[in-house]
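Structure, as structure tokens:
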Amino acid sequence: MTAAEGDAFDPYAIQQKWQARWAESDPFRAGDADDTRPRKYVLGMFPYPSGDLHMGHAESYAYVDVVARFWRHRGYNVLNPIGWDSFGLPAENAAIQRGADPREWTYANIAQHKKSFREYGSSYDWSRILHTSDPDYYRWNQWLFLELYKRDLAYRKDSPVNWCPNDQTVLANEQVVDGHCERCGAEVVKKKLTQWYFKITDYADRLLDDLNQLEGFWPSKVIRMQRNWIGRSVGADIDFEIEGRDEKVTVFSTRPDTLHGATFFVVAPDSDLAAELAAGASAEVRMRFQDYLDSVGRQSEIERQSTDRPKTGVFLERFAVNPINGERLPIWAADYVLADYGHGAVMAVPAHDQRDLDFARAFDLPVKVVVDTTAPVTGAISVIEVDDDGVPIDPAGEAPDLTALDPAVTGTALTGEGRLINSGSLDGLSKRNAIARSIEQLESLGTGRAAKSYRLRDWLISRQRFWGTPIPMIHTQDGRIVPVPDEQLPLTLPDAQGLDLAPKGTSPLGGAAEWMQTTDPETGEPALRDPDTMDTFVDSSWYFLRFLSPGDETEAFSTAQADRWAPVDSYIGGVEHAILHLLYARFITKVLFDMGLIDFTEPFSSLINQGMVLLDGSKMSKSKGNLVEFAASMVDPGADAVRVAIAFAGPVEDDINWEDVSTTGAQKFLARAWRVAHDVTSSPDAVWAEGDTALRRVTHRVWADVPGLVEQTKFNVVVARLMELVNATRKVIDTGAGPADPAVREAAEATAMVLDLFAPHMAEEMWEMLGYEPFVGLVPWRQPDATLLVDETLTAVVQIDGKVRSTLTVPARISAAELEALARSDEKVLRSLSGREIARAVVRAPKVVSFTTA
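The letter at position 556 of the sequence shown is residue 556 when you use full-length UniProt numbering, and the numbering goes up by one with no holes.
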């Protein structure tokens, strides 16, 4: 019988009921080794427990659950674990602000996160929880460090580093955004420290070339960002003599063909070479250089590389010798050269490099053109005749007038293609041929060689903070640095009580006197531990493997389980990790491959990036205080409504304005779906084929289309199709055979199964109301009846600015023009436009109309 007017729909009671059932039965635990189903590893980027979760997390983890639940329905044995990236600055800073122990603060937040995730209906394998701040996890960070150290991939050096004056710790280049700390926003400065590094540059070529494996599986934007960050350049290393110095200085150049155009030499002011050269200059120059060095230390790399700043520098009263022609080149210290790029020095060719030209014009230095950009570089010409001054002569016998292009006059460097002039035996050659010839000349003279250079720098992993993995190295009395013996791992953190954890430029561990004291494992003499902790990106670079055997005390991960589950099939998280975390995880994966521990070279086969959740026009952030907390949002209207509203709000990759997310509308839809299941009166063994054919067509079209839509992450369109199915079912219930129609049961069952992706509590309740045992989340997907997919009419979706705003029932053979006209006149579309003009219409008849507003 139909639901009575007074029947109650209580989403909170439904939510509580099914969470208790899931907790009791643990239905989403991954199958064991005897499970013969195909496997899928679905993983969300794990959260930081520096406070409660917010709606940005709600979005990401809703999408993770959609993907995991989908593959279970498709017959896969799914691994979907959860853990916490529980070391690091966010948790430590929050604890310091509250005068709390980072451990207490961190694990209290983790407990809140777990509660929120369970209330959200997330289908995790709760048997595989990990926290990176547990000794049984970070013991394997230390093992990994020592394995890299054995392979000469971990080393310690003294170098300029990015220093956050607020957090009082070093930052990797990737953690500096527009010259500011990506965590706290403070302006970053340069500081010279002795730090530990991982030699990621040894893997630069593989990190770059292996991106080809990910084309079509990772967002193209992320692949492009990774390629740009690695930044491979091909050219030559060129050795320059420095007058009065025994050791030569090597520079890297992508244009060794322009050596004849070099007119001065530039070194990074914060490099060791600059300090050495300045030490031999006059007292006045030494003073000017020190003042200049102090000012450079207050600038970020972004500022130093800016093209619109005035060029500054100090002449060091020294000269380099051009290895090709013997010319003396004055040496300047200038901030547009970075100490950690190439070799920290460049040959300046102002006629053909804009930064060099700007510097030359600022200090009245010579500009010498060696590439004629007016000369053709294609065709039969192989050599261009030149006059006695090296100026090319055109076929008519007259030298071309290059005065109008003189960079010294125009202020614009000649960077285009052309042919070499004023360059001896290279004259007349095209750029590509001249580069090859110049490298041959350098190699024959013993003054250079073909080389590559990268924008990528080695990974700086030292941190001067307490809440992280202690670096497992020992400093002996005789100056040696030796590993902590494996049997002494884990090297655990001391008790924080009594330590001053406030950032002050040195590691708080240095103040733990008893902890710092140890013995030299080789001699037994007193020694000191390393006081720094590891960058938390080390924790997250391999955690996906630890999930495979999280309680293993004998190895970091089981190679057998890695063979079984890895790599991750679907990895889901924010695009803000496009460089930082993903690059490091790719690097460590390749190291583990080289160690013979895994048989794959890329950690994440497929990557899904969601957009941000905005509030008041900005990304939700604890530091900004513009949060809608996760737990509070689920009190009313309930977790399912939040999940449906988020999925329906727009394409996965787009940003969402929380003010535009309608949880109230989602709750009304769920109430309507619940009532459909409540109203069904036919038995589970009803013969569906005897039901309403039109409704059956809608149901089977959902079965046919949803898998492709989910795999394309068009979750908003799936929700729209569910709404259409519920509406179509409601119409049949209210007319004709009504609740007893077998097609109504079939549609209600389909609704419950697909709704499980977005509103799992409601889906389970509907499944039980329809007379079935739990759990609908484990029920195999049904196959559509092909005979019901040949529609006389079908449903077209109308999108406005990427969001579904209406659906239209149209003839299957409707033309594009007819479909667009219907969409433009639809009442829901007109209401959604609110007077805005349509700037562009894309029509794919008979299924989709997409409007973009002006």
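The beta-carbon is built from N, C-alpha and C at its ideal position, and this holds for glycine as well.
The structure presented is a predicted model; accordingly, all values stated were derived computationally and were not measured.
Where the alpha helix (DSSP H) through residue i begins and ends
i           : result
residue 825 : 816 to 825
residue 360 : 354 to 362
residue 144 : 135 to 150
residue 407 : 407 to 410
residue 684 : No alpha helix (DSSP H) contains residue 684, which DSSP labels as neither H nor E.
residue 347 : Note, residue 347: premise wrong, no alpha helix (DSSP H); beta strand (DSSP E) at 345 to 348.
residue 207 : 204 to 209
Paired residues, beta bridge with residue i - DSSP
i           : result
residue 794 : 810
residue 251 : 238
residue 330 : 319
residue 305 : For residue 305, which the question treats as bridged, DSSP gives no partner whatsoever.
residue 451 : 235
residue 44  : 572
residue 481 : 475
residue 39  : 77
residue 97  : DSSP lists no partner for residue 97.
residue 462 : 534
residue 763 : BP columns for residue 763 are empty, so no partner.
residue 156 : 196
residue 799 : 804, 850
residue 545 : Answer by DSSP bridge pairing: none, since residue 545 is not bridged.
Sub-8 angstroms separation of residue i and residue j beta-carbons
i           : j           : result
residue 651 : residue 687 : no
residue 200 : residue 265 : no
residue 716 : residue 653 : no
residue 466 : residue 499 : yes
residue 760 : residue 116 : no
residue 606 : residue 558 : no
residue 252 : residue 323 : no
residue 807 : residue 724 : yes
residue 660 : residue 649 : yes
residue 344 : residue 430 : no
residue 263 : residue 368 : yes
residue 297 : residue 190 : yes
residue 726 : residue 699 : no
Host beta strand (DSSP E) of residue i (start-end)
i           : result
residue 571 : 570 to 574
residue 754 : Segment 742 to 755 is the alpha helix (DSSP H) holding residue 754; no beta strand (DSSP E) there.
residue 608 : 607 to 610
residue 469 : That residue, residue 469, is in no beta strand (DSSP E); it is neither H nor E in DSSP.
residue 844 : 838 to 844
residue 580 : That residue, residue 580, is in no beta strand (DSSP E); its alpha helix (DSSP H) goes 580 to 594.
residue 613 : 613 to 615
Simplified DSSP assignment, three categories, for residue i
i           : result
residue 5   : For residue 5, the predicted model reports a pLDDT of 38, less than 50, meaning its position is unreliable; a value from the coordinates is still stated below. Of the three classes helix, strand and coil, the one that applies to residue 5 here is coil, per DSSP.
residue 528 : strand
residue 284 : helix
residue 516 : helix
residue 734 : coil
residue 365 : coil
residue 486 : helix
residue 421 : coil
residue 828 : helix
residue 111 : helix
residue 650 : coil
residue 781 : coil
residue 372 : strand
residue 295 : helix
Cβ neighbour criterion (16 or more within 10 Å) applied to residue i
i           : result
residue 139 : buried
residue 549 : buried
residue 59  : buried
residue 432 : exposed
residue 220 : exposed
residue 198 : buried
residue 551 : exposed
residue 212 : exposed
residue 231 : exposed
residue 630 : buried
residue 228 : exposed
residue 282 : exposed
residue 16  : exposed
residue 583 : buried
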